[in-house]
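**Q**
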Amino acid sequence: MGESVKAAESALLKTGCFYLPADDVDGIYRWYEKHFNGCTRTLPMYYGKTVEKGYNLNYITDGWLPGEPYEMFSMRFETDCIEELYERLSAADDVKLEPIRVVANEGSMFCFFDPQGNKFQVWQDPHTVTQPLRADVPALIRVAALFFPVSDPAAAHKWYTDFLGVKVNETGQPVTGDGIQFFFHKSLEPGRTLNYTPIENHTTTDSRPASVSIINVAVHDLDAMHHRMLDNGQNVDTYIHDRWGCGRNLLLSDPDGNKLELWEFQAVVEQVESNKEHPDWKERFKFHNYAYNVQVDEFLAMIKNDTTGDVYSGLAVRVINLVTYANLCESDREGLEQLLKTLEQFGKQNPEKAFRILYRDGSEFVQLS
1 MGESVKAAES ALLKTGCFYL PADDVDGIYR WYEKHFNGCT RTLPMYYGKT
51 VEKGYNLNYI TDGWLPGEPY EMFSMRFETD CIEELYERLS AADDVKLEPI
101 RVVANEGSMF CFFDPQGNKF QVWQDPHTVT QPLRADVPAL IRVAALFFPV
151 SDPAAAHKWY TDFLGVKVNE TGQPVTGDGI QFFFHKSLEP GRTLNYTPIE
201 NHTTTDSRPA SVSIINVAVH DLDAMHHRML DNGQNVDTYI HDRWGCGRNL
251 LLSDPDGNKL ELWEFQAVVE QVESNKEHPD WKERFKFHNY AYNVQVDEFL
301 AMIKNDTTGD VYSGLAVRVI NLVTYANLCE SDREGLEQLL KTLEQFGKQN
351 PEKAFRILYR DGSEFVQLS
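The opening position of the sequence shown corresponds to residue 1 in my numbering, with each subsequent residue numbered one higher.
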């Protein structure tokens with residue numbers, strides 16, 4: 001398999017969002033609003049209209065109930081109001097449920113099916129203090145685990161931990177930096193994955209619809225990781241997709257074909273106009289992305305103090321994208337030099353959060369002399 005990717009550089013750090021299949025995007029959104037007061041308290045869930053009508057993420061395995069075929073759920077949600085939530089869902093005429101179970105030392109759990117037919121598990125940790133089901137608070141706290149269909153669970157575990165470098169928790173399960181566990185079960189349907197194919201926005205080089213991952217997860221140094229994947233013959237995008245304010249990402253497939261959307265948070269530098277006749281150089285630049293739009297001092301304070309908000313907390317921006325570098329050199333070389341000097345100095349003072357600079361001219365990289 002070649003050289004392993006170092007865990008410190010390639011561990012899956014923090015989940016950004018989840019993407020789920022739906023035939024009726026608006027309808028399934030309303031269904032989760034009605035029964036769960038939304039989706040989760042911590043991470044956004046997006047729904048993509050699918051090419052294949054009725055497609056869901058379930059699969060058949062004999063690994064959940066040893067020796068017995070079982071329709072396996074792909075996702076476990078955590079809650080703190082499981083009994084009231086189960087009562088609410090039981091009273092609804094548009095929810096399919098499996099019985100609630102209480103397992104010693106493991107907590108309470110039940111499975112439900114959404115309108116797409118996706119089967120998900122709801123779980124409450126036995127140490128969690130039960131809260132009332134509140135109308136203005138989503139009933140689901142977070143996604144706690146993903147369950148991947150694979151051909152060989154032991155081999156899948158080894159690939160994620162030994163090769164990809166995903167860290168394990170105290171029970172030996174691969175886990176992201178924000179605590180989402182990965183489990184692997186042998187699929188009785190050869191070739192089955194958790195990928196799905198949306199109708200819009202994702203195509204192959206010959207314009208055919210391409211399947212996508214259900215999870216978006218952050219890594220550090222996406223470029224280095226991408227090079228290692230290519231060098232080791234892994235099934236990965238040939239180039240990194242730059243979505244500017246939404247960051248940079250690529251799709252990687254595990255040996256069974258389950259895709260992961262790997263993502264790197266970044267800040268885009270933009271030149272702004274000022275009403276002042278001779279504005280300070282700091283007033284002539286903004287750092288922006290999906291989370292904020294600020295000037296250099298505020299940006300560096302946010303990075304240093306890790307105050308970028310719940311979803312992005314812990315993701316110090318490592319990449320600064322100068323998307324109009326050639327224009328900046330022409331229009332404000334002095335200010336640009338001051339900016340680069342300031343970023344370099346910040347990196348020396350905070351080496352664990354030092355920046356990599358992307359010199360771009362629109363969609364193309366600039367070759368520096």
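Glycine included, every Cβ here is placed at the ideal spot set by N, Cα and C. It should be emphasised that the depicted structure is a prediction, and the values quoted were computed from it without experimental measurement.
#1: Could you say which of G347, E364, F355, T15 lies nearest to D178 if we only look at CA atoms?
#2: Going by DSSP in three states, N327 sits in which element: helix, strand or coil?
#3: With a threshold of 7 Å on Cβ separation, who are the neighbours of Y86 within its own chain once the five nearest residues in sequence on each side are excluded?
#4: With a threshold of 16 other CB atoms inside 10 Å of the CB of K276, please say whether the residue is buried or exposed.
#5: Which residue comes first and which comes last in the beta strand (DSSP E) that contains I357?
#6: Can you name the residues that DSSP bridges to H220?
#7: Is the distance from the Cβ of L194 to the Cβ of P149 below 8 Å?
#8: Give me the DSSP bridge partner(s) of S253.
#9: Residues in the same chain with beta-carbon distance under 8 Å from D80, minus the five sequence neighbours each way, listed in chain order, please.
#10: Going by DSSP in three states, E273 sits in which element: helix, strand or coil?
#11: Would you kindly work out how many angstroms separate the C-alpha atoms of N327 and D162, rounded to a whole number?
#12: Where does the unbroken alpha helix (DSSP H) through F378 begin, and where does it stop?
#13: Classify R333 as helix, strand or coil using the three-state DSSP reduction.
#14: Just verifying my parser: in three-state terms, what is the DSSP assignment at G16?
#15: Considering only residues of the same chain and omitting the five flanking positions on each side of G372, which have a CB-CB separation below 7 Å?
#16: Does the stretch 267 to 274 come close enough to the stretch 251 to 259 that 3 or more CB-CB pairs lie under 8 Å?
#17: For the alpha helix (DSSP H) that P127 lies in, which residues bound it at each end?
#18: Run the CB neighbour count on K96, radius 10 Å, all protein chains shown included, and call it buried at 16 or more, exposed below.
#19: Please check the pair F73 and L43, which I expect to be a contact at CB under 8 Å, by giving their CB distance rounded to whole angstroms.
#20: With a Cβ-Cβ cutoff of 8 Å, do F184 and A218 count as a contact?
#21: Looking only at its chain, what residues have a beta carbon closer than 8 Å to the beta carbon of T342, apart from the 5 residues adjacent to it on each side?
#22: Would you call D306 buried or exposed, if buried means 16 or more other Cβ atoms sit within 10 Å of its Cβ?
#23: Below 8 Å CB to CB, which residues in the same chain sit around D94 once its five sequence neighbours on both sides are set aside?
#24: Mapping DSSP to helix, strand and coil, what is S211?
#25: Roughly how many angstroms separate the alpha carbons of E364 and L339, rounded to a whole number?
**A** Well, looking at it:
#1: If you number the sequence shown from 1, residue 178 lands on position 178. Of G347, E364, F355, T15, the residue nearest in Cα terms is T15.
#2: Residue 327 sits at position 327 when you count from the first residue of the sequence shown. Three-state result, N327: helix.
#3: Stepping through the sequence shown from its first residue, residue 86 is reached at position 86. I100, F110, listed in sequence order.
#4: Within the sequence shown, numbered from 1, the residue matching residue 276 stands at position 276. Burial call: exposed.
#5: Numbered from its first residue, the sequence shown carries residue 357 at position 357. Start and end: 356 to 361.
#6: Taking the first residue of the sequence shown as 1, we reach residue 220 at position 220. In DSSP, H220 forms no bridge with anything.
#7: Working through the sequence shown from its first residue, we reach residue 194 at position 194. Working through the sequence shown from its first residue, we reach residue 149 at position 149. Result yes, Cβ atoms of L194 and P149 sit closer than 8 Å.
#8: In the sequence shown, residue 253 corresponds to position 253, counting from 1. Partner(s): K259.
#9: Counting from 1 along the sequence shown, the entry for residue 80 is found at position 80. Answer for D80: Q124, T128, V129, T130, Q131, I141, listed in chain order.
#10: Residue numbering aside, residue 273 sits at position 273 when the sequence shown is read from its first letter. Note: E273 maps to coil in three-state DSSP.
#11: As a working note, residue 327 is residue 327 in the sequence shown. As a working note, residue 162 is residue 162 in the sequence shown. If you take the alpha carbons of N327 and D162, they lie about 45 Å apart.
#12: Lying outside 1 to 369, the shown extent of the chain, residue 378 is not represented and no answer is given.
#13: Locating residue 333 in the sequence shown gives position 333, where the first residue counts as 1. Helix, per DSSP.
#14: To locate residue 16, count along the sequence shown from 1; it is residue 16. The answer is strand: DSSP assigns G16 an E or B state.
#15: The requested residue 372 does not occur in the structure, where the chain is confined to residues 1 to 369.
#16: no
#17: Locating residue 127 in the sequence shown gives position 127, counting from the first residue. Note on identity: in this sequence residue 127 is His, with Pro being the wrong assignment. No alpha helix (DSSP H) holds H127; DSSP gives it neither H nor E.
#18: In the sequence shown, counting from the first residue as 1, residue 96 sits at position 96. Its Cβ having fewer than 16 others within 10 Å, K96 is exposed.
#19: For the purposes of this step, residue 73 is taken as residue 73 along the sequence shown, with counting starting at 1. For the purposes of this step, residue 43 is taken as residue 43 along the sequence shown, with counting starting at 1. At roughly 18 Å, the Cβ-Cβ gap does not stay under 8 Å, so F73 and L43 are not in contact.
#20: Position 184 of the sequence shown, counted from the start, is the residue given in the question as residue 184. Position 218 of the sequence shown, counted from the start, is the residue given in the question as residue 218. Not closer than 8 Å, so no.
#21: Reading the sequence shown from its first residue, position 342 is the one you call residue 342. Result list for T342: V296, L300, in chain order.
#22: Residue 306 sits at position 306 when you count from the first residue of the sequence shown. Classification of D306: exposed, given that the 10 Å Cβ count is below 16.
#23: Numbered from its first residue, the sequence shown carries residue 94 at position 94. Hits under 8 Å: W31, P115.
#24: Translated into the one-based positions of the sequence shown, residue 211 becomes position 211. Reduced to three states, the DSSP call for S211 is coil.
#25: For the purposes of this step, residue 364 is identified with residue 364 of the sequence shown, where counting begins at 1. For the purposes of this step, residue 339 is identified with residue 339 of the sequence shown, where counting begins at 1. C-alpha separation (whole angstroms): 21 Å.
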